[in-house]
């Protein structure tokens, strides 16, 4: 029997809603356990029912350690973003100072001494080097994000392909079984007719 497509909307019947919640919660927790075992991953799931009851799963046995680890990762990434932003801000200030310094001398080096030109050159080289390293860091983060996205897309594509192949296999089995049943029925009828 083929199930129809489930419409994603709130279930109005309270009893049906509770049964669906229990079944889907158990399915979700089962999938989380399987993911943990198959991929050796630490998985944490927190669910609050409509009555406010807490359901949780921590595959390492301790939800608090998972939450602390998550918070630590979030704080670390926020600190990295703030550090990058502050570096860009400092680089921008340095470039503005350098440009002001150049404009003070009429845009040329006519009035500058050799020492001032060397310090200006070194500060410009340092500024360019810092800007390039920041740019590379941001590009590496973007590449990592895109690689993660691609791996998720590939995983989903394999999932869809497996479902398609499974359905095609099931259809081919049905097409093989139906003629066999027809032949066996025809053979039985033939034997009955010969016996009579």
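Numbering (my numbering), first residue to last: 7 to 202. Cβ atoms here follow ideal geometry from the backbone N, Cα and C, with glycine treated the same way.
query: Secondary structure, alpha helix (DSSP H): runs of 4+ residues fully inside the segment 58 to 136; result: 69 to 110
query: Beta carbon of residue 55 nearer than 8 Å to that of residue 49; result: no
query: Start-to-end residues for the beta strand (DSSP E) that takes in residue 25; result: Here residue 25 belongs to no beta strand (DSSP E); instead the alpha helix (DSSP H) covers 20 to 45.
query: Endpoints, the beta strand (DSSP E) within which residue 53 is located; result: 50 to 54
query: DSSP three-state assignment for residue 12, whether helix, strand or coil; result: coil
query: Alpha carbon of residue 73 to alpha carbon of residue 123, nearest angstrom; result: 54 Å
query: Distance CB(residue 23)-CB(residue 53) smaller than 8 Å; result: no
query: Option in 65, 36, 33, 174 with minimal Cα separation from residue 47; result: 65
query: CB contact flag (residue 144, residue 90, <8 Å); result: yes
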